[in-house]
Amino acid sequence: MKTAGKRADRLLLAGSFGEHMPLESAKELGLLPHIPTTAIGNSSLMGTIAWGQASAEEKEIFSEWISKVKEPVELALADEFQDMFIASMNLCAGS
4 MKTAGKRADR LLLAGSFGEH MPLESAKELG LLPHIPTTAI GNSSLMGTIA WGQASAEEKE
64 IFSEWISKVK EPVELALADE FQDMFIASMN LCAGS
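Next up, the structure:
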């Protein structure tokens, strides 16, 4: 979308659905874009484990970093979002 100002150059696909999906077939069907894609599995569990194992200092450093770099995007406020969302409901090869 124009909000971000750039196109993704890779896709990290999280969750069990993506982990068990044949990625090349999903690209051919238009379900995924034709960019390098890696299925990373249960990323929320990996993050929870990493957070639990982190020291108090590491947690503080991460908390400060994320508070500076986070950039929320309100899709509902973007003019083109509804049109892109509806257009993307139809799966077509190469999209």
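Sequential numbering of the sequence shown, starting at 4, is according to the working numbering. Quick reminder that beta carbons are idealized off the backbone N, C-alpha and C, glycines included. It should be emphasised that the depicted structure is a prediction, and the values quoted were computed from it without experimental measurement.
For residue j and residue i, believed in contact at Cβ under 8 Å, the rounded distance
| i | j | result |
| --- | --- | --- |
| Gly-44 | Glu-22 | 5 Å |
| Ile-38 | Ala-17 | The pair is not a contact, with the Cβ atoms about 16 Å apart (cut-off 8 Å). |
Under 8 Å between C-beta atoms of residue i and residue j
| i | j | result |
| --- | --- | --- |
| Leu-26 | Leu-35 | yes |
| Leu-15 | Thr-41 | yes |
N- and C-terminal bounds of the alpha helix (DSSP H) containing residue i
| i | result |
| --- | --- |
| Gly-18 | 18-22 |
| Val-72 | 59-72 |
Endpoints, beta strand (DSSP E) assigned at residue i
| i | result |
| --- | --- |
| Ile-101 | Any question about residue 101 goes unanswered here, given that the chain covers just 4 to 98. |
Proximity test, residue i beta-carbon vs the ligand NAP heavy atom, cut-off 7 Å
| i | result |
| --- | --- |
| Ser-47 | Ligands in the displayed structure: none, and consequently the ligand NAP is not present. |
Among the options, the one whose alpha carbon lies nearest that of residue i
| i | options | result |
| --- | --- | --- |
| Met-92 | Lys-9, Leu-32 and Arg-13 | Leu-32 |
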